[in-house]
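**Q**
2 protein chains.
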Amino acid sequence: MTATETGQRHRLVVIGGGFAGVDLCLGLKNIAVDVTLVDRRNFHLFQPLLYQVATGGLSPGDITAPLRTVVKHCKNIRTVLGDVTDIDVAGRRVILAGQDPLPYDTVVVAAGVGQSYFGNDAWAEFAPGLKSIEDATQIRARVLHAFEQAELAKDPLERDAWLRFVVVGGGPTGVEMAGALGELAAHTMAGEFRAIDSKDARILLVEGAPRILSMYVPRMSAHAVTALNDVGVAVLLNTKVTGIDVDGVDIESAQGKERLRAKTVLWAAGIKASPLAKVLADHTGATQDRSGRVIVEPDLTVPGHPEILVLGDLAHYAHTSDQQPLPGVAPVAMQMGKHAASVIARRVMQPHAVGFGPTFHYVDKGTMAVIGRNQAVARIGFGLDVSFGGFFAWCAWLFIHVAFLVGFENRALVLMQWANHYLTRHRGARLITDVSGATRP
Amino acid sequence: MTATETGQRHRLVVIGGGFAGVDLCLGLKNIAVDVTLVDRRNFHLFQPLLYQVATGGLSPGDITAPLRTVVKHCKNIRTVLGDVTDIDVAGRRVILAGQDPLPYDTVVVAAGVGQSYFGNDAWAEFAPGLKSIEDATQIRARVLHAFEQAELAKDPLERDAWLRFVVVGGGPTGVEMAGALGELAAHTMAGEFRAIDSKDARILLVEGAPRILSMYVPRMSAHAVTALNDVGVAVLLNTKVTGIDVDGVDIESAQGKERLRAKTVLWAAGIKASPLAKVLADHTGATQDRSGRVIVEPDLTVPGHPEILVLGDLAHYAHTSDQQPLPGVAPVAMQMGKHAASVIARRVMQPHAVGFGPTFHYVDKGTMAVIGRNQAVARIGFGLDVSFGGFFAWCAWLFIHVAFLVGFENRALVLMQWANHYLTRHRGARLITDVSGATRP
Numbered sequence: 296m297t298a299t300e301t302g303q304r305h306r307l308v309v310i311g312g313g314f315a316g317v318d319l320c321l322g323l324k325n326i327a328v329d330v331t332l333v334d335r336r337n338f339h340l341f342q343p344l345l346y347q348v349a350t351g352g353l354s355p356g357d358i359t360a361p362l363r364t365v366v367k368h369c370k371n372i373r374t375v376l377g378d379v380t381d382i383d384v385a386g387r388r389v390i391l392a393g394q395d396p397l398p399y400d401t402v403v404v405a406a407g408v409g410q411s412y413f414g415n416d417a418w419a420e421f422a423p424g425l426k427s428i429e430d431a432t433q434i435r436a437r438v439l440h441a442f443e444q445a446e447l448a449k450d451p452l453e454r455d456a457w458l459r460f461v462v463v464g465g466g467p468t469g470v471e472m473a474g475a476l477g478e479l480a481a482h483t484m485a486g487e488f489r490a491i492d493s494k495d496a497r498i499l500l501v502e503g504a505p506r507i508l509s510m511y512v513p514r515m516s517a518h519a520v521t522a523l524n525d526v527g528v529a530v531l532l533n534t535k536v537t538g539i540d541v542d543g544v545d546i547e548s549a550q551g552k553e554r555l556r557a558k559t560v561l562w563a564a565g566i567k568a569s570p571l572a573k574v575l576a577d578h579t580g581a582t583q584d585r586s587g588r589v590i591v592e593p594d595l596t597v598p599g600h601p602e603i604l605v606l607g608d609l610a611h612y613a614h615t616s617d618q619q620p621l622p623g624v625a626p627v628a629m630q631m632g633k634h635a636a637s638v639i640a641r642r643v644m645q646p647h648a649v650g651f652g653p654t655f656h657y658v659d660k661g662t663m664a665v666i667g668r669n670q671a672v673a674r675i676g677f678g679l680d681v682s683f684g685g686f687f688a689w690c691a692w693l694f695i696h697v698a699f700l701v702g703f704e705n706r707a708l709v710l711m712q713w714a715n716h717y718l719t720r721h722r723g724a725r726l727i728t729d730v731s732g733a734t735r736p
Numbered sequence: 296m297t298a299t300e301t302g303q304r305h306r307l308v309v310i311g312g313g314f315a316g317v318d319l320c321l322g323l324k325n326i327a328v329d330v331t332l333v334d335r336r337n338f339h340l341f342q343p344l345l346y347q348v349a350t351g352g353l354s355p356g357d358i359t360a361p362l363r364t365v366v367k368h369c370k371n372i373r374t375v376l377g378d379v380t381d382i383d384v385a386g387r388r389v390i391l392a393g394q395d396p397l398p399y400d401t402v403v404v405a406a407g408v409g410q411s412y413f414g415n416d417a418w419a420e421f422a423p424g425l426k427s428i429e430d431a432t433q434i435r436a437r438v439l440h441a442f443e444q445a446e447l448a449k450d451p452l453e454r455d456a457w458l459r460f461v462v463v464g465g466g467p468t469g470v471e472m473a474g475a476l477g478e479l480a481a482h483t484m485a486g487e488f489r490a491i492d493s494k495d496a497r498i499l500l501v502e503g504a505p506r507i508l509s510m511y512v513p514r515m516s517a518h519a520v521t522a523l524n525d526v527g528v529a530v531l532l533n534t535k536v537t538g539i540d541v542d543g544v545d546i547e548s549a550q551g552k553e554r555l556r557a558k559t560v561l562w563a564a565g566i567k568a569s570p571l572a573k574v575l576a577d578h579t580g581a582t583q584d585r586s587g588r589v590i591v592e593p594d595l596t597v598p599g600h601p602e603i604l605v606l607g608d609l610a611h612y613a614h615t616s617d618q619q620p621l622p623g624v625a626p627v628a629m630q631m632g633k634h635a636a637s638v639i640a641r642r643v644m645q646p647h648a649v650g651f652g653p654t655f656h657y658v659d660k661g662t663m664a665v666i667g668r669n670q671a672v673a674r675i676g677f678g679l680d681v682s683f684g685g686f687f688a689w690c691a692w693l694f695i696h697v698a699f700l701v702g703f704e705n706r707a708l709v710l711m712q713w714a715n716h717y718l719t720r721h722r723g724a725r726l727i728t729d730v731s732g733a734t735r736p
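Chains A and B supply the protein sequences, listed in that same order. Going by my numbering, the first residue of the first sequence is number 296, and it counts up by one from there. Going by my numbering, the first residue of the second sequence is number 296, and it counts up by one from there.
#1: Quick check: the region 315-322 of chain B against the region 595-611 of chain B, are there 3 or more CB pairs under 8 Å?
#2: Please confirm if the region 667-676 of chain A is in contact with the region 614-623 of chain A, defined as three or more CB-CB distances below 8 Å between the two stretches.
#3: Using a threshold of 8 Å, state whether the C-beta atoms of I310 of chain A and V328 of chain A are closer than that.
#4: Are the beta-carbon atoms belonging to V672 of chain B and L508 of chain B less than 8 Å from one another?
#5: Terminal residues of the continuous beta strand (DSSP E) containing L561 of chain B?
#6: With a cut-off of 8 Å on the beta carbons, I'd call A568 of chain B and L523 of chain B a contact; round off their distance for me.
#7: Does chain B have any CB closer than 8 Å to the CB of T401 of chain A?
#8: Can you list, in chain order, the residues of the region 409-430 of chain B whose Cβ is nearer than 8 Å to any Cβ on chain A?
#9: For L531 of chain B, does the count of other Cβ atoms within 10 angstroms reach 16, so buried, or fall short, so exposed?
#10: Which runs of the alpha helix (DSSP H) fall wholly inside the region 613-666 of chain A and span at least 4 residues, in chain order?
#11: Hey, T534 of chain A and V501 of chain A are a contact pair by Cβ (cut 8 Å); roughly how many whole angstroms apart?
#12: Is the separation between the beta-carbon of D540 of chain A and that of R554 of chain A shorter than 8 Å?
#13: Let's see if you can read the secondary structure: which residues bound the beta strand (DSSP E) around R338 of chain A?
#14: Report the three-state DSSP secondary structure of G599 of chain A (helix, strand or coil).
#15: Would you identify the three-state DSSP class for D492 of chain A, choosing helix, strand or coil?
#16: Does the beta-carbon of V597 of chain A have 16 or more other beta-carbons within 10 angstroms, so that it is buried, or is it exposed?
#17: Any idea if E471 of chain A is buried or exposed, counting beta-carbon neighbours within 10 angstroms, 16 or more meaning buried?
#18: In the region 329-357 of chain A, which residues sit with their C-beta less than 7 Å from some C-beta in chain B, listed in chain order?
#19: Any beta carbon from chain B within less than 8 Å of A724 of chain A's own beta carbon?
#20: Considering only residues of the same chain and omitting the five flanking positions on each side of S516 of chain B, which have a CB-CB separation below 6 Å?
#21: Nearest chain E C-beta to K367 of chain A closer than 8 Å, yes or no?
#22: Is A673 of chain B helix, strand or coil when you go by DSSP?
#23: Taking the straight line between their C-alpha atoms, what separation do you get for G312 of chain A and Q342 of chain A?
#24: Is the distance from the Cβ of V638 of chain A to the Cβ of H611 of chain A below 8 Å?
#25: Contact defined as beta carbons within less than 8 Å: I believe V462 of chain B pairs with A563 of chain B. What is the distance between those atoms, to the nearest angstrom?
#26: Under three-state DSSP, which class holds K324 of chain A?
#27: Would a C-beta distance cut-off of 8 Å place A480 of chain B and K494 of chain B closer than the cut-off?
#28: What residues in the region 469-497 of chain A bring their beta carbon closer than 8 Å to a beta carbon of chain B?
#29: Please confirm if T662 of chain B has its CB atom under 8 Å from at least one CB of chain A.
#30: DSSP on Q444 of chain B, reduced to helix/strand/coil?
#31: Tell me which residues share the same chain as G407 of chain A and place their Cβ nearer than 7 Å to its Cβ, disregarding the 5 neighbours each side in the sequence.
#32: May I ask you to list, following chain order, the residues of the region 375-386 of chain B that have a beta carbon less than 9 Å from some beta carbon of chain A?
#33: Listed in chain order, which residues of the region 431-450 of chain B have Cβ atoms closer than 7 Å to some Cβ of chain A?
#34: In chain A, what lies closer than 9 Å to A727 of chain B by C-beta?
#35: CB-CB under 6 Å to P593 of chain A, same chain, minus the five flanking residues each way: which ones, in chain order?
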């Protein structure tokens, strides 16, 4: 029995408070629908700036906003902190660990993606990825700890291993991470050590494909390599990682096999869908793509199940002019969230309408990656690829990122923090925390 | 053989990068002494604002500064991240876990204090104290988690237990913590829940003595109780805690015994000296007081060992007009650090001077505790006790705290953050992190 038949208000359950989930919720503020927003975490995370937490430039609180605060003024939305373990598609209930199920008329699955090690899960221990706040503070601790160990090392080989940083994966996360590490070593930490010079750190970006940032035109990829070199990052292209352990990385390229001794390895190479994608596929017969994402209809619903929508990184949406799936980036997720709000609003206001909802169209305003503090590459909408340098690059990047930060408070503060970083190259949030044995007596 | 005899520069090892250690180091910037600053952590912590991290008002990065950055411009100081396990007093070496010993001509022990549960160490699990950044983020997670659980609870008794917060100890930390919790529940979180009203939270401050804030005159203690009541905190005086477990607290007073059901209990009641105090006592015959602090000479040295100085919270210094030991607060530690710098400078510049160094005199400029955002009590130097209200209280408190934050960057940013909190009552850093199972797929 649906809500309409019982005379109740339409019940919507939204799984995931990321960009898609939050924009969906905000779009339903004045619609007669009872929304339950479920997330494992109590905060929305501005993931594009996570690498800044990992390199000590920003604090976790700067790039998060409590979900309850975000939807505070939407009186039709309640927030539940919970872990979704299953979706009872036949019974229309979302199953939570240790809590009552949440019945729904429509469910939106926007649970995002995690790290994939392409079947080598043992690498995770030695090469953490960058998906959660905990990942970022762990990477921050590892990077800072490596410099501390290098300062103490007496064996030069040992010292070099502590001063070598390998970033695996030349996508936007890997490039921005490597650039920020270069900035940290070459500028921020300069003069702070006595036995070593932080500028001696060697940062390697390893990419299996012939170029980095493959979503840009080749000229931009080459520009990014130059910009990375300028901040002291070496880029290895056409190079595959065949092994990772506590002491370094095994790589393989046309030049043969090689062993890179490095104490710090960071993973930015692959993603895999939330386990909820498989749950959906099992219960609805929906198809998953190679990364596990759910292939959706033009209105973002699951085939044959108009009551289930999949949004954001978890959705494989290929109803585009070039048939390519949309990338897993924040603007896609946000636009999907807004679109889903209109699909659901139509459903509530015209309960007897039949067929698909309106078709989703992604408006591509472009994409941008920043390297160090002075260089950026960008692809502006309409196929225009450009590179920026200097203060202008920084301003453009800043404007785009900060303008989309959820929560005004954070926006103004992050702006201040950034202005300060740009002027002083300081990175204040350089804490080694949560390391075993690190607490005071 | 001392440094002077060998013609080497004087070697100073400073254990602890707190207020005393940092001010000592900065005071030795232009003195011909080789300083090694050892700390377990890579950052200096502004402990007086730790309760703001615990209640989501500030981020860990806001109240810390990397030690390397703090002493960056002191080229005679090197920083070592390490864990001191012993002091070889006869051999004049500081022993570190897993690292080479550090030989010294003079050693300064400023390792601070930890939490004491008065012999009931089992309570620690249920009632975390507030000494480290990890303590603060753990308390933050517990407090925010309690509100989330209350929102989900169906049993009214269960809900009440999640909404009851007990703070044990009516010193400055307990009072400021309870006041901030009251502010959080009554204002910051108002309107964010659907099943509960955060204003229904009951915060209890339990104190064994007849009054709170015993370092103030009785009129101020009474004023603080009124101010706490105004932000919804109930104060239980003459009340001893006899038991703490997962479900609540057992208390005992003249009215008899009582059981307080509460899921969240915070400990702000007792301190105990770093284990290094006992190490010193064992090796030098120095006397420890009841809290384990080392009783020092008028020049802050250990009796019979002019080459060992003890500073900050770890020092019991009672060479005052009233014979009372100085309190373990930041201004005492900072002044001790500055004084120790002059003692050591004299030693280096007049190597053949005999007898005690100059006597330490503490200049008491007063102390202050803030309750909620609009009330504060203060004891200004020269015995003048005053209470403030409203914006003036906030400004005075802000000025005093922020002016002493180490690192200019943090100072300006914390100021911004505070201005924003005052105007909006927002607390942006409300993250539940580092809880097992909380990481993303």
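Yeah, the Cβ is synthetic: ideal placement off N, Cα and C, and Gly gets one too. Fair warning: this is a prediction, and the values are worked out from it, not measured in the lab.
**A** In this structure, then:
#1: Taking 8 Å as the limit for Cβ pairs, the verdict is that the region 595-611 of chain B does touch the region 315-322 of chain B.
#2: Per the Cβ contact rule, the region 667-676 of chain A is not in contact with the region 614-623 of chain A (fewer than 3 Cβ pairs under 8 Å).
#3: No, these two residues do not count as a Cβ contact at 8 Å.
#4: Between V672 of chain B and L508 of chain B, the C-beta spacing is below 8 Å.
#5: Per DSSP, L561 of chain B belongs to the beta strand (DSSP E) from T559 to W562.
#6: Actually they are not in contact, since the Cβ atoms of A568 of chain B and L523 of chain B sit about 30 Å apart, beyond 8 Å.
#7: Not an interface residue.
#8: Contacts with chain A (Cβ-Cβ distance below 8 Å) from the region 409-430 of chain B involve G409, K426, S427, I428, E429 and D430, listed in chain order.
#9: The residue in question, L531 of chain B, is buried, as its Cβ has 16 or more Cβ neighbours within 10 Å.
#10: Runs found: 625-644.
#11: Contact between T534 of chain A and V501 of chain A holds, with the beta-carbon distance rounding to 5 Å and staying under 8 Å.
#12: The answer is no: Cβ separation not under 8 Å.
#13: In the sequence as displayed, the identity of residue 338 of chain A is Phe instead of Arg. From DSSP, the beta strand (DSSP E) with F338 of chain A extends over F338 to L340.
#14: Three-state DSSP puts G599 of chain A in coil, outside helix and strand.
#15: Reduced to three states, the DSSP call for D492 of chain A is coil.
#16: Buried: at least 16 other Cβ atoms inside 10 Å.
#17: Here E471 of chain A is buried, its C-beta having at least 16 other C-beta atoms within 10 Å.
#18: Residues of the region 329-357 of chain A with a Cβ closer than 7 Å to any Cβ of chain B, in chain order: R335, R336, N337, F338, S354, P355, G356 and D357.
#19: Yes - at least one Cβ of chain B is within 8 Å of the one on A724 of chain A.
#20: Counting only Cβ-Cβ distances below 6 Å, and skipping sequence neighbours, we find R506, I507 and L508.
#21: Among the chains of the structure shown, chain E does not appear; the protein chains present are A and B.
#22: Of the three classes helix, strand and coil, the one that applies to A673 of chain B here is strand, per DSSP.
#23: Answer to the nearest angstrom: the Cα atoms are 12 Å apart.
#24: At a Cβ-Cβ threshold of 8 Å, V638 of chain A and H611 of chain A do not count as neighbours.
#25: The pair is a contact, with the Cβ atoms about 6 Å apart (cut-off 8 Å).
#26: Looking at K324 of chain A - three-state DSSP - the assignment turns out to be coil, as it is neither helix nor strand.
#27: Going by C-beta atoms, A480 of chain B is nearer than 8 Å to K494 of chain B.
#28: For the region 469-497 of chain A, the set of residues with a beta-carbon nearer than 8 Å to any beta-carbon of chain B comprises M484, G486, E487, F488, R489 and A490, in chain order.
#29: Taking Cβ atoms only, chain A never reaches closer than 8 Å to T662 of chain B, which makes this a no.
#30: Secondary structure of Q444 of chain B (DSSP, three-state): helix.
#31: For G407 of chain A, the CB contacts under 7 Å within the same chain, skipping 5 residues up- and downstream, are G311, G313, S569, G607, D608 and L609 in chain order.
#32: Using a CB distance below 9 Å, the part of the region 375-386 of chain B facing chain A consists of V375, L376, G377 and D378, ordered along the chain.
#33: For the region 431-450 of chain B, the set of residues with a beta-carbon nearer than 7 Å to any beta-carbon of chain A comprises L439, E443 and L447, in chain order.
#34: The residue you asked about is not Ala; residue 727 of chain B is Ile in the sequence shown. Those within 9 Å of I727 of chain B in chain A are R336, N337, F338 and L376.
#35: These residues qualify, in order along the chain: H614 and T654.
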